[in-house]
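Take a look at the structure below.
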Amino acid sequence: MHQITYKNIHNRFKLNGIHISREEMFYVAYCFIKEGKPFEQHIGTFLLDWFDEKSYIELSTSGTTGVPKVIRIEKQAMLDSALATGDFFGLEPGNTMLHCLPTNYVAGKMMWVRSFILGLDMKFVEPTSNPLDKIDESFDFCAMVPLQAKNSLTQLKQKKIKKLIIGGVRIHRALEEELVKLPIEIYETYGMTETITHIAAKKIGAVAFTTLPNVTVSIDDRQCLVINAKKISKNDIVTNDIVKLISDTQFIWEGRLDNIINSGGIKLLPEKIEDKLSKLIPRRYFVFGKDDETLGEKAVLYVEGESFVIEDSVFNVLNKYEIPKEIIFIPKFHETATGKIMRNESVLSL
1 MHQITYKNIH
11 NRFKLNGIHI
21 SREEMFYVAY
31 CFIKEGKPFE
41 QHIGTFLLDW
51 FDEKSYIELS
61 TSGTTGVPKV
71 IRIEKQAMLD
81 SALATGDFFG
91 LEPGNTMLHC
101 LPTNYVAGKM
111 MWVRSFILGL
121 DMKFVEPTSN
131 PLDKIDESFD
141 FCAMVPLQAK
151 NSLTQLKQKK
161 IKKLIIGGVR
171 IHRALEEELV
181 KLPIEIYETY
191 GMTETITHIA
201 AKKIGAVAFT
211 TLPNVTVSID
221 DRQCLVINAK
231 KISKNDIVTN
241 DIVKLISDTQ
251 FIWEGRLDNI
261 INSGGIKLLP
271 EKIEDKLSKL
281 IPRRYFVFGK
291 DDETLGEKAV
301 LYVEGESFVI
311 EDSVFNVLNK
321 YEIPKEIIFI
331 PKFHETATGK
341 IMRNESVLSL
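Sequential numbering of the sequence shown, starting at 1, is according to UniProt numbering.
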């Protein structure tokens, strides 16, 4: 049996409809680096890294909850991740794929790896907030961040994508309610740089995430998710994500341990509060803890942009402990390069 290796390209792989060999990829890479736009230069750099003699790729973590760090990921692990994605989502050689994510981050890199390994016919476009804006044809598979999906609702109704995965940032309830109406297959994914993008996914509208092949999960004494994915990481990956465990392959995500607010002995999960408010506040916002003499910590609602009146009735969807004790407006939130809001930095900027 022919062994699948990261050094080879599947014989069904196409780039914009054209068969390209491993050797030809070097020419493509050099052209991108020398003559391409900035996003194409990132592609060229990754292609040279992927086909060099090293057995690993160096990746930067997002820095959402701490200082970004550079980690090494084995190319064989990236290959195994691509195979698991193909298996889970039923991708087959010759399927068409639209690539609209930046290749300088792990999610964009993995779209290339999936196309090489699974033999997909890939078209790539410049990463923008509305990637389907000038796309006429339809595709079997695509990955987006929530903002891209939100801006593509009209085109998605026209079935320009048959199977869409959304990750990078959590999908808020208001967007989920729009996505669940669409006549295509849509999944929310769960993962991080350390897990080489997603290790679990759930259909839009479902409650629980299901792990990909060869991945099992458990929880530690903090009720945080622990990931066992031997083909991706030799050691268990311990997260700060609070989950409700259903089985060793299913879990419900509830929030981040880093964000928990201990208000007068009541533990509040900001993400749950934010979800309940998702259709009621027309701006970006987040809930964060603030020191309080009486409660120790209190829940504060931070809203982006100029101040405006938020009626008390908006908070009727919350229980009495969840209602923010204060509303603070921040002109512009701090965010990572991938668009994740940096809560602590945003608060400290005041």
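C-beta: ideal position from N, C-alpha, C; glycine also.
- Taking all protein chains in view, the Cβ of Asn104 is crowded by 16 or more other Cβ atoms within 10 Å, so the residue is classified as buried.
- With distances taken between CA atoms, Glu311 lies nearest to Leu277 out of Leu277, Lys298 and Asn344.
- Taking all protein chains shown into account, Arg72 has fewer than 16 neighbouring C-beta atoms within 10 Å of its C-beta and is therefore exposed.
- Annotation: the continuous beta strand (DSSP E) that includes His198 extends over Thr197 to Lys203.
- By the criterion of at least three beta-carbon pairs nearer than 8 Å, the segment 68 to 87 is in contact with the segment 185 to 199.
- Taking every protein chain shown into account, the CB of Gln158 has fewer than 16 other CB atoms within 10 angstroms, so this residue is exposed.
- Residue pairing by DSSP places His10 in no beta bridge whatsoever.
- By the neighbour-count criterion, in which a residue is buried when 16 or more other Cβ atoms sit within 10 angstroms of its Cβ, Thr294 is exposed.
- With a contact defined as Cβ atoms closer than 8 Å, Lys272 and Glu254 qualify at about 7 Å.
- By the neighbour-count definition (other C-beta atoms within 10 Å, threshold 16), His19 is an exposed residue.
- By the C-beta density criterion, Leu348 is exposed, having fewer than 16 other C-beta atoms within 10 angstroms.
- In this model, Asp291 and Pro270 are separated by some 15 Å (Cα to Cα).
- Taking C-beta atoms as the reference points, Asp140 and Lys109 fail to come closer than 7 Å.
- Here Asn95 is buried. Its C-beta has 16 or more other C-beta atoms within 10 Å.
- Secondary structure note for Ser81: its alpha helix (DSSP H) is the uninterrupted segment Lys75 to Phe89.
- Contact between the segment 323 to 332 and the segment 303 to 310 is present, with at least three C-beta pairs closer than 8 Å.
- With fewer than 16 other CB atoms across the displayed protein chains lying within 10 angstroms of its CB, Pro68 is exposed.
- If you draw a straight line from the Cα of Thr85 to the Cα of Lys231, it is about 13 Å long.
- The shortest CA-to-CA distance from Gly265 to any of Phe32, Tyr321, Leu179 and Asp52 is the one to Tyr321.
- A distance below 7 Å between beta-carbons, with the five flanking residues on each side excluded, links Glu335 to the following residues of its chain, in chain order: Ile341 and Met342.
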